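Residue numbers (the working numbering), protein chains in the order written: chain A, 1 to 218; chain B, 1001 to 1280. Every residue gets a Cβ at the ideal spot worked out from N, C-alpha and C, and that includes glycine. Bear in mind the structure is a predicted one, so any value in this text is a computation, not a measurement. Step one of this worksheet: look at the structure below.
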């Protein structure tokens, strides 16, 4: 008798667990597990949107690139990072690229991803181009002198990058701003995306940011 | 010092890392097996404990060790979901099956009939076993559970142990003698076939999800595969890595059963039939 009670208890418990967990798995992908911003963004919304900065650096093809002018009309995602970065930079780039591949062209073609290298010494234009191509060939890579880089960081309002002490092999990491800044099509910085932001967050926010920019422009 | 593999967020390196907790776990398994073997043989001096049983137990234990130690344990705990799924295959399917096969049928009967075997008799029945195994499978693959537990050594240990317990729970009715809670040969085959169905659900979620389900693996420093490819590989592994193990067990059960029911004159020319109820 007791054996049967054990059996029924297990069956009931397991069946309930299966039902709940099948539901949990099914909802995991779309689950929103943090509060949305006032505009319905998963990123950190900037309370007082600021204008798109105006700085000019050089593309990996050697051409001058005016950030404000050459991204006019696009949802622009700006990131300061470097190719030897072990974690944040490749994860941001990979996640944005993965989401852009899944969005319809009518949306993905309206997005520009711009990465400014914080490691001009190692990130030569070919190195940066090759690294970005690994994620998405449309990503724009910008290089410049240290002075130009610092000026761009200051204009963009991000923390200035700072190389750490090299190790015995001469390798070094660089402390840099870990967030991606999103500028909507009305040329205003609307939100920042710190490290830890996920693909599903980008998939949610890119359409919202496009709509938000269009609404403000009109 | 890390005692058990867990997600650290550090950049992946092929430099060996020690996990003393894993070694203690494996050593305690071997010591426990030796102690049980010694006590049972002393209590049943006329019984035989074949060397191949011990060999199977040791192979199973080695699989459990490989799954929990560096590098697979480290990769699975914090870098690659596909490695995590490979751990699942070893910890929940292959390892427990071999560990159970390491005990002769009479030893399983002794455990089943012992006073302490009451819990075993209550819990290890086909339907509860199947449901419990799949409940463990589902719980340990819920994103919030994985993301919440894997960064801590105790959480990671809990997931690994739950897979081992779930695996033993699943395999017992399929491998134990009929007098120790095992099913009939056809029952075993049907039971094992049924066990291949529910894992298709999480495997499908992993394979076909548009975006990574687990923040832990999505945001981990990359080791070769993209988060999406890694997740797809994990889903395929969960289904097409696990099913052949079950099919192999079903095939062995079937052919041994056929051999057992073949008329003695024709069977004599092949091999002696197994004693009734002896595990696979």
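Can you give, in chain order, each stretch of the beta strand (DSSP E) that sits fully within the segment 1004-1073 of chain B and has at least 3 residues? Runs of the beta strand (DSSP E) lying entirely within the segment 1004-1073 of chain B and spanning at least 3 residues: none are present.
DSSP has residue 80/A in a bridge; who is on the other side? Answer is 116/A.
Please classify residue 200/A as buried or exposed, where buried requires at least 16 neighbouring CB atoms within 10 angstroms. It counts as buried.
Residue-level contact to chain A via CB, residue 1084/B, 8 angstroms cutoff: Judged by the 8 angstroms Cβ criterion, residue 1084/B is not in contact with chain A.
If we ignore side chains and look at the alpha-carbon of each, how far apart do residue 68/A and residue 1210/B end up? Roughly 33 angstroms separates the two Cα atoms.
What are the start and end residues of the alpha helix (DSSP H) that includes residue 1239/B? 1227-1240 is the span of the alpha helix (DSSP H), which, as asked, contains residue 1239/B.
Return the residue from the list 1086/B, 1053/B, 1072/B and 1071/B that minimises the CA-CA distance to residue 1037/B. Checked all of 1086/B, 1053/B, 1072/B and 1071/B; the closest Cα to residue 1037/B is 1053/B.
Which listed residue (1109/B, 1067/B, 1155/B and 1111/B) has its alpha carbon closest to that of residue 1022/B: Checked all of 1109/B, 1067/B, 1155/B and 1111/B; the closest Cα to residue 1022/B is 1067/B.
Among residues of its own chain, excluding the 5 on either side of residue 1225/B, which ones have a beta-carbon nearer than 8 angstroms to its beta-carbon? Excluding positions up to five away in sequence, the list reads 1080, 1082 and 1233.
Check for me: the beta strand (DSSP E) holding residue 155/A runs from which residue to which? First-last for residue 155/A: 146-156, but that is the alpha helix (DSSP H), not the beta strand (DSSP E).
Residues in the same chain with beta-carbon distance under 6 angstroms from residue 1097/B, minus the five sequence neighbours each way, listed in chain order, please. If we look at residue 1097/B and ignore the five residues flanking it on each side, its Cβ neighbours are 1171.
Beta carbon of residue 174/A: closer than 7 angstroms to some heavy atom of the ligand ATP? Absent from the structure shown: the ligand ATP. Ligands present: none.
Ends of the beta strand (DSSP E) at residue 51/A? 44-51 is the span of the beta strand (DSSP E), which, as asked, contains residue 51/A.
Those residues which DSSP pairs with residue 1082/B across a bridge: Its beta-bridge partners do not exist; DSSP assigns none.
Just the chain B side, please: which residues come within less than 8 angstroms of residue 87/A by C-beta, in chain order? Within chain B, the residues near residue 87/A are 1009, 1011 and 1221.
Cut-off 7 angstroms between Cβ atoms - residues of its own chain near residue 213/A, not counting five sequence neighbours on either side: The answer, listed in chain order, is 75, 184, 185 and 186.
Kindly say whether residue 102/A, judged by its beta-carbon, lies nearer than 8 angstroms to any beta-carbon of chain B. Closer than 8 angstroms to the CB of residue 102/A there is at least one CB belonging to chain B.
C-beta atoms of residue 112/A and residue 91/A nearer than 8 angstroms: Taking C-beta atoms as the reference points, residue 112/A and residue 91/A fail to come closer than 8 angstroms.
Ignore the nearest five residues each way along the sequence and tell me which others in residue 1132/B's own chain have a CB closer than 6 angstroms to its CB. Closer than 6 angstroms at Cβ, skipping near neighbours: 1169.
Run of the beta strand (DSSP E) containing residue 181/A, from where it starts to where it stops: In the DSSP assignment, residue 181/A falls within the unbroken beta strand (DSSP E) covering 180-183.
Closest Cβ-Cβ distance between residue 1178/B and chain A: below 8 angstroms? For residue 1178/B, the answer is no, since every Cβ of chain A falls outside 8 angstroms of its Cβ.
With 8 angstroms set as the bound, which would you pick, yes or no: does the beta-carbon of residue 227/A sit closer than that to a beta-carbon of chain B? Nothing about residue 227/A can be reported from this structure: the residues present for chain A run from 1 to 218 only.
Nearest to residue 96/A by CA position, among 1223/B, 1141/B, 1031/B and 1228/B, is which residue? Ranking 1223/B, 1141/B, 1031/B and 1228/B by Cα distance to residue 96/A puts 1228/B first.
Return helix, strand or coil for residue 193/A, following the three-state DSSP convention. Residue 193/A: strand per DSSP, three-state reduction.
Residue 1238/B versus 1145/B, 1175/B, 1141/B and 1160/B, residue with shortest Cα-Cα distance: Per the Cα distances, 1141/B.
Counted within 10 angstroms of its Cβ, other Cβ atoms place residue 146/A as buried (16 or more) or exposed: The C-beta of residue 146/A has fewer than 16 other C-beta atoms within 10 Å across all chains shown, which makes the residue exposed.
Could you list which residues in chain B have their beta carbon closer than 8 angstroms to that of residue 206/A, in chain order? Here the premise fails: no neighbours, minimum Cβ distance about 13 angstroms.
If contact means a Cβ-Cβ distance below 9 angstroms, which residues of the segment 1091-1119 of chain B contact chain A? Taking 9 angstroms as the Cβ-Cβ cut-off, the segment 1091-1119 of chain B approaches chain A at 1118 and 1119, given in chain order.
Count the other CB atoms, across all protein chains shown, that sit within 10 Å of the CB of residue 50/A; report buried if there are 16 or more and exposed otherwise. Under this definition residue 50/A is an exposed residue.
State yes or no: is the C-beta of residue 161/A within less than 8 angstroms of the C-beta of residue 154/A? For the 8 angstroms CB-CB criterion, residue 161/A and residue 154/A do not form a contact.
Given a threshold of 16 other Cβ atoms within 10 Å of its Cβ, counted over all protein chains shown, does residue 1031/B qualify as buried or as exposed? With a 10 Å radius around the Cβ and a threshold of 16 neighbouring Cβ atoms, residue 1031/B comes out exposed.
Local conformation of residue 66/A per DSSP, three classes: Of the three classes helix, strand and coil, the one that applies to residue 66/A here is strand, per DSSP.
Here's the rule: buried if 16 or more other CB atoms are within 10 angstroms of the residue's CB, otherwise exposed. What is residue 28/A? Low local confidence applies: a pLDDT of 49 at residue 28/A is under 50, so the model's placement there is unreliable, with the coordinate-based value given in what follows. Answer is buried; the Cβ neighbour count reaches 16.
Between residue 120/A and chain B, is the shortest Cβ-Cβ distance under 8 angstroms, so that the two count as touching? Using beta-carbon distances, residue 120/A does not count as an interface residue toward chain B, since no partner is under 8 angstroms.
Residue nearest to residue 125/A in terms of C-alpha spacing, selected from 46/A, 57/A and 44/A: The shortest Cα separation from residue 125/A among 46/A, 57/A and 44/A belongs to 57/A.
Listed from N- to C-terminal order along the chain, which residues in the segment 1222-1241 of chain B have their beta-carbon within a distance smaller than 9 angstroms of any beta-carbon of chain A? Answer in chain order: 1222, 1226, 1227 and 1228.
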